[in-house]
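Data block below; observations after.
Numbering (the numbering used here), first residue to last: 32 to 151.
In structure tokens:
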């Protein structure tokens, strides 16, 4: 997986870039087919840095998250959380598709029957 970190309107130290790369690398735990992560830090307003996170994966549209926070690390953590949520949702959809389609139809009927029994 390729991780690229770029900045606008300023510079980041190598130590900061290493911390940001480590945070972004955690996304690999949620989806093993990630191909690239692009992290862009906008330092136009140093009091509230803006982070744009673009994640590319095989057989999946690019995932995007934008975040602005009081400090750089919290902005990156929030953006990573947004991407994690998108990956979880995607994996859930894949899991739902692989299930038996008739199982969904029988669940509400079974639940309705148990509700009627409880009411009596």
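Here a beta-carbon is modelled for each residue, glycine too, at the ideal position from N, C-alpha and C.
query                                                                                                                                         : result
With burial defined as no fewer than 16 other Cβ atoms inside 10 Å of the residue's Cβ, what is the status of residue 114: buried or exposed? : buried
In terms of residue numbering, what span does the alpha helix (DSSP H) encompassing residue 116 cover?                                        : 103-129
Taking only three categories from DSSP, how would you classify residue 88?                                                                    : strand
Taking residue 47 as the reference, give the member of 91, 78, 130, 103 with the closest Cα.                                                  : 103
Taking the alpha helix (DSSP H) that residue 53 belongs to, which residues open and close that run?                                           : 45-56
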